[in-house]
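In my numbering, the protein residues as written are 227 to 305. Glycine residues also receive a C-beta, built at the ideal position from the N, C-alpha and C atoms. Only a predicted model underlies this, so the values are computations on that prediction, with no experimental measurement involved.
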């Protein structure tokens with residue numbers, strides 16, 4: 227993953243003989259809290275079926291509809 231994207235951060239895993247330090251656990255929690263926000267947003271877009279199904283309307287309207295749905299989701303987050 228790091229070879230494809232240089233800014234990718236992967237959580238540290240513990241081993242049988244190498245437990246995680248408190249610093250590593252804190253870093254993993256921060257990464258997971260950021261990832262949850264992104265995954266919830268992607269899941270919401272899939273509920274609207276704009277990503278999960280084939281888009282059958284005009285291609286030039288896809289961007290507009292995608293932006294509108296993302297805007298609605300952002301407004302819901304701010305409530």
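Restricting to Cα atoms, I'd like to know which of the options is closest to residue i.
| i | options | result |
| --- | --- | --- |
| residue 251 | 240, 265, 260 | 240 |
| residue 291 | 271, 229, 258, 247 | 271 |
So residue i and residue j are supposed to be a Cβ contact under 8 Å. How far apart are they, rounded?
| i | j | result |
| --- | --- | --- |
| residue 276 | residue 295 | 6 Å |
| residue 281 | residue 288 | 5 Å |
Is the separation between the beta-carbon of residue i and that of residue j shorter than 8 Å?
| i | j | result |
| --- | --- | --- |
| residue 254 | residue 233 | no |
| residue 267 | residue 299 | yes |
Just how far apart, CA to CA, sit residue i and residue j?
| i | j | result |
| --- | --- | --- |
| residue 236 | residue 256 | 11 Å |
| residue 284 | residue 297 | 20 Å |
Comparing the CB of residue i with every heavy atom of the ligand PLP, is any distance shorter than 7 Å?
| i | result |
| --- | --- |
| residue 293 | As far as ligands go, the structure on display features none, and thus does not contain the ligand PLP. |
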